[in-house]
Amino acid sequence: MKKQLQQLHFIQLNDFACQLESARKYSANFAKGVPSLGIPSMDPMHIDKIENENSGLKMRFSDVEVTGLKDSVVELIQLDLEKQTLKLIITVKILMRGDYMLSGRILVLPIQGQGKFTFDIRKLKSDITAELAKKTTDDGKEYWQITTYTYKIDAQSIKYDFKNLFNGNKQLYDSLSCSVTADAAHEFANSNFREITAELVHLHTITIYYYTPRRNPCRRRLHLKLTRQLITQAGVLKSNCLSSELYASYTDDIPTLRGHLEDWKDEVMLAL
């Protein structure tokens with residue numbers, strides 16, 4: 001692997017086609033890990049815990065295993081040292097499994113339960129743009145450092161599967177006197193995954209606790225915040241907000257619901 005890394009170079013640094021060829025050739029090796037460089041294996045990746053509580057929804061995911069990163073496809077890479085920018089687009093199919101606990105509401109849907117979960121994320125696309133700056137070490141060596149970056153994330157589809165949803169009850173009756181079955185909850189979530197994704201993290205920080213590698217006793221923390229780009233990509237900031245037909249089965253007061261969603265949209269804009 002070390003020899004392969006030494007051979008990793010661009011024939012012409014500003015040749016974007018050459019950059020793409022090299023990135024595609026070696027991306028799988030990085031996902032497998034490079035112990036000599038302190039890069040752990042990312043496939044499978046183990047996440048000890050993901051937890052969050054906001055907007056009336058409490059959620060916790062634990063003992064999570066993520067697979068599929070080794071099959072990431074670099075769709076585009078453009079490293080422009082004259083402009084000091086980096087453009088990167090990667091697509092990947094990801095499968096996440098583990099234990100979950102949910103209690104509260106997702107959008108207007110009441111939901112609760114705990115058990116095993118599976119997220120099947122199809123064609124997850126990450127679009128990253130970064131600005132670079134040249135730095136010099138104390139011994140005079142020059143290197144490039146990412147100073148700022150923006151990103152957009154989208155997926156072709158996300159299929160949610162929560163075992164033991166509603167703690168085994170066939171249906172749950174909420175305060176609006178409408179029944180929600182586990183099958184209907186899954187159909188709702190899978191049909192509106194972009195809105196669900198935005199709702200799960202809007203205005204708040206998700207804290208992820210993970211081991212890298214799994215046997216390493218050193219626990220690290222990552223804080224991820226939803227960006228304006230991701231919210232826009234999720235469709236939350238569209239002029240019509242979210243479709244009223246989406247909630248026809250769950251509430252008769254569509255005008256009030258629309259007003260609530262518009263207020264929430266403004267709060268998101270202010271928070272960002």
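Take the sequence shown: its position 148, counted from the start at 1, is 148 in full-length UniProt numbering, and no numbers get skipped. Even for Gly, the Cβ is constructed at its ideal location relative to N, Cα and C. Fair warning: this is a prediction, and the values are worked out from it, not measured in the lab.
Between the region 125-138 and the region 94-105 there are fewer than three inter-stretch CB-CB distances shorter than 8 Å, so the stretches are not counted as touching. With fewer than 16 other CB atoms across the displayed protein chains lying within 10 angstroms of its CB, ALA17 is exposed. One thing to note: SER41 has its Cβ within 9 Å of the Cβ of LYS32. Distance between GLN19 and TYR149, taken at the CA atoms: about 20 Å.
Only exposed fits SER36, as fewer than 16 other CB atoms lie within 10 angstroms of its CB.
At least 9 Å separates the beta-carbon of ILE89 from that of LYS123. Within the region 56-117, the runs of beta strand (DSSP E) that reach at least 3 residues and sit entirely inside it are, in chain order, 57-67, 73-80 and 85-106.
The beta carbon of ILE39 sits closer than 7 Å to the beta carbons of PHE30 and GLY33 from its chain, once the five residues preceding and following it are set aside; these are given in chain order. Excluding residues up to 5 positions away in sequence, GLU131, LEU132 and ALA133 lie with their Cβ nearer than 7 Å to the Cβ of THR147 in the same chain. Beta-bridge partners of ASN52 (DSSP): MET59. By the Cβ-count criterion, SER72 is buried, with 16 or more other Cβ atoms from all chains shown falling within 10 Å of its own Cβ. For SER27, the uninterrupted alpha helix (DSSP H) segment begins and ends at 16-32.
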